[in-house]
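Encoded as structure tokens, the structure appears first; notes follow it.
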Amino acid sequence: MIISRLEAELAQAQLRALKMQLQPHFLFNTLHSISTLLDEDVEAADEMIARLGDFLRLTLDNSGAQEVTLQKELEFLRSYLEIERVRFQDRLTVLLEIAPDTLAARVPNLILQPLVENAIQHGIMARTGAGRIEIRASRSDGLLRLQVKDNGPGLSGDTHAQAPHKRGLGFALTRERLECLYATRQRLALADAPEGGLEITLEIPFVTASVERDAQEAALC
Numbered sequence: 018m019i020i021s022r023l024e025a026e027l028a029q030a031q032l033r034a035l036k037m038q039l040q041p042h043f044l045f046n047t048l049h050s051i052s053t054l055l056d057e058d059v060e061a062a063d064e065m066i067a068r069l070g071d072f073l074r075l076t077l078d079n080s081g082a083q084e085v086t087l088q089k090e091l092e093f094l095r096s097y098l099e100i101e102r103v104r105f106q107d108r109l110t111v112l113l114e115i116a117p118d119t120l121a122a123r124v125p126n127l128i129l130q131p132l133v134e135n136a137i138q139h140g141i142m143a144r145t146g147a148g149r150i151e152i153r154a155s156r157s158d159g160l161l162r163l164q165v166k167d168n169g170p171g172l173s174g175d176t177h178a179q180a181p182h183k184r185g186l187g188f189a190l191t192r193e194r195l196e197c198l199y200a201t202r203q204r205l206a207l208a209d210a211p212e213g214g215l216e217i218t219l220e221i222p223f224v225t226a227s228v229e230r231d232a233q234e235a236a237l238c
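The sequence shown begins at 18 in the numbering used here and counts up by one.
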């Protein structure tokens, strides 16, 4: 019992450490964008700072949670996308296709942001014209499937994509978090989309807050 508890506490400590690494990585990229904008468009830089403040307030309110509902996670994501829209303006279009029955599913806190940031860095920024990101959530065979697709160069046009661990710190930390939380009961994959671009697929067990509560109550009986 004591060993199991120590192992659980160690796993939680590792997850907290991974989250702490992820936030500075995102902040560094955002602050770099703001510093670039200051030389080009002071008004846009001011707006980006304001949107960053909104995002940080929202995430800090839930900083202690390892998991949140998908609905809450989408709130985080929309706040993050407001930051990116300041930078890209009309060059960035985002489409959300979220099955209603997935909104109550439990997901790792801030799991979508690094995947979307990855799509922007390796997909949208590689294009000279308008970029498009599609984010989907669906439920199938006891799994929650989250997909992030961009219309960038895809695997064949992006040498980084040939080795997923080279796609950036955010992607690597996301993979580590999933392994810590779900061991082998998760999947994170990269693939060329049939119509072009790159698609990231994430699958984890479909669990809602009510199911989690029932399991905890059963364990106490």
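Using N, Cα and C, we set each Cβ at its ideal position, and we do this for glycine too.
Keep in mind the model is a prediction, meaning the values are calculated, not measured.
Same chain, Cβ closer than 7 Å to residue i, five either side skipped, listed in chain order
i	result
Asp-158	none
Val-2	Only positions 18 to 238 of the chain appear in this structure, which leaves residue 2 out of reach.
is_contact[residue i, chain D] using C-beta, thresh 8 Å
i	result
Ala-121	In the structure shown, chain D cannot be found, because there is only a single protein chain.
Cβ neighbours of residue i in the same chain (closer than 8 Å, five flanking residues each side left out)
i	result
Ile-66	Ile-51
Ala-82	Asn-126
Asp-118	Arg-156
Thr-47	Met-65, Leu-69, Ile-100
Straight-line Cα distance separating residue j from residue i
i	j	result
Leu-207	Leu-55	35 Å
Glu-101	Val-224	30 Å
Arg-194	Gly-70	25 Å
Ala-116	Gln-88	11 Å
Glu-57	Gln-203	43 Å
Ala-210	Phe-45	30 Å
Ala-189	Leu-129	13 Å
Leu-120	Arg-95	15 Å
Val-85	Asn-79	8 Å
Val-59	Leu-91	29 Å
Gly-169	Arg-144	6 Å
CB contact flag (residue i, residue j, <8 Å)
i	j	result
Gly-140	Gly-214	yes
Leu-160	Ile-217	no
Arg-162	Ser-155	yes
Arg-149	Thr-110	yes
Arg-123	Ala-226	yes
Gly-187	Pro-131	yes
Ala-136	Asp-107	no
Nonlocal neighbours in the same chain, by C-beta distance under 6 Å from residue i, ignoring five residues either side
i	result
Arg-153	Glu-114, Gln-164
Gln-138	none
Leu-219	Leu-163, Leu-205
Under the three-state DSSP convention, the category residue i falls into
i	result
Arg-162	strand
Thr-145	coil
Thr-201	coil
Ala-189	helix
Leu-127	coil
Thr-218	strand
Val-111	strand
Glu-212	coil
Residues that residue i bridges to, as DSSP identifies them
i	result
Thr-86	Arg-123
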